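In my numbering, the protein residues as written are 57 to 311.
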Ligand SMILES: NC(=O)c1ccc[n+]([C@@H]2O[C@H](COP(=O)([O-])OP(=O)(O)OC[C@H]3O[C@@H](n4cnc5c(N)ncnc54)[C@H](O)[C@@H]3O)[C@@H](O)[C@H]2O)c1
């Protein structure tokens with residue numbers, strides 16, 4: 057088998073849509089076997105079938121990343137089917153726009169439980185298997201909003217800042233086990249998360265123009281541009297990277 061991640065086994069959450077789906081397609085093309093997970097079963101099953109149709113190995117598990125017990129089933133599927141886990145991509149996540157003064161504790165906890173608890177639970181569930189196999193690469197989707205603030209996105213910013221520091225602490229703790237942990241910080245990328253927020257907004261075109269204007273390159277990103285970074289972090293090309301922040305944001309945070 058050839059490819060930049062040939063022979064590796066990757067678990068990808070949030071794989072039914074957007075950045076998770078594109079990462080799955082690209083990791084498969086580069087030789088990885090995949091366990092895909094998502095709440096969205098139909099889209100996830102369809103993607104696994106499409107990937108399997110290209111000759112790569114892919115299996116889908118319906119999975120809520122915020123549910124501790126369900127992680128055991130994901131890990132078991134990977135081990136039963138492929139015998140090991142080399143890569144974990146924590147891409148499942150939810151966006152949110154809500155004024156802080158009006159935010160309920162319930163709403164805050166929902167964002168944190170998926171974006172931050174889900175990442176923690178995944179790392180903790182997968183790391184022992186990775187360590188047993190001699191190490192691996194964990195790739196956590198943070199955001200530019202884990203590095204800079206944005207009005208109306210306090211819970212999302214807090215969750216993604218948490219993912220950033222969780223990744224660094226884990227990188228130090230798990231380096232002796234050969235497990236690398238890095239965070240990825242996309243700018244605004246044209247996925248259902250972003251197009252949905254634009255559609256829901258009262259002035260969608262204006263919001264889109266505003267978002268575009270904040271990227272020095274003058275456009276939103278496309279999923280491939282993040283998936284390329286994820287393939288790099290999954291592969292041995294990034295073997296000396298751990299605890300790093302891979303910022304792929306068209307210059308958003310350069311200003
Ligand atoms: N698109 C962007 O501009 C952007 C920018 C920065 C960071 N990110 C981050 O990248 C990741 C992927 O975003 P995307 O743009 O692909 O979003 P998306 O909405 O297209 O896909 C997210 C996927 O996560 C799944 N999901 C949501 N809650 C879940 C749960 N509890 N358990 C399991 N799966 C769940 C959804 O079903 C969906 O398939 C997210 O963590 C997001 O915060 C996205």
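Built from N, CA and C at the ideal position, the CB exists for glycine as well. The structure displayed is predicted, hence computed values, not measured ones.
Cβ pair residue i, residue j closer than 8 Å
i: residue 246; j: residue 271; result: no
i: residue 87; j: residue 62; result: yes
i: residue 141; j: residue 67; result: yes
i: residue 83; j: residue 242; result: no
i: residue 299; j: residue 233; result: no
i: residue 211; j: residue 163; result: yes
i: residue 200; j: residue 237; result: no
i: residue 187; j: residue 128; result: no
i: residue 301; j: residue 220; result: yes
i: residue 156; j: residue 218; result: no
Residue i CB to nearest heavy atom of ligand 1 below 7 Å
i: residue 114; result: no
i: residue 309; result: no
i: residue 184; result: no
i: residue 94; result: yes
i: residue 102; result: no
i: residue 271; result: no
i: residue 197; result: yes
i: residue 170; result: yes
i: residue 239; result: no
i: residue 181; result: no
Sheet register partners of residue i (DSSP bridge)
i: residue 194; result: 144 and 237
i: residue 277; result: 245
i: residue 78; result: DSSP lists no partner for residue 78.
i: residue 94; result: 118
Distance, residue j Cα to residue i Cα
i: residue 215; j: residue 287; result: 24 Å
i: residue 275; j: residue 261; result: 13 Å
i: residue 85; j: residue 250; result: 26 Å
i: residue 117; j: residue 69; result: 9 Å
i: residue 326; j: residue 273; result: This structure gives no information on residue 326, because the portion of the chain shown stretches from 57 to 311.
i: residue 253; j: residue 145; result: 24 Å
i: residue 277; j: residue 244; result: 6 Å
i: residue 148; j: residue 175; result: 8 Å
Contact set for residue i: own chain, Cβ-Cβ below 6 Å, skip 5 residues either direction
i: residue 64; result: 88, 142 and 143
i: residue 119; result: 93, 126 and 130
Neighbourhood of residue i by C-beta distance below 7 Å, restricted to the same chain and skipping five residues each side
i: residue 124; result: 177
i: residue 205; result: 213
i: residue 166; result: none
Contact test: residue i Cβ vs ligand 2 heavy atom, cutoff 7 Å
i: residue 259; result: Inclusion of ligand 2 in the displayed structure is not the case, the ligand content consisting of ligand 1 alone.
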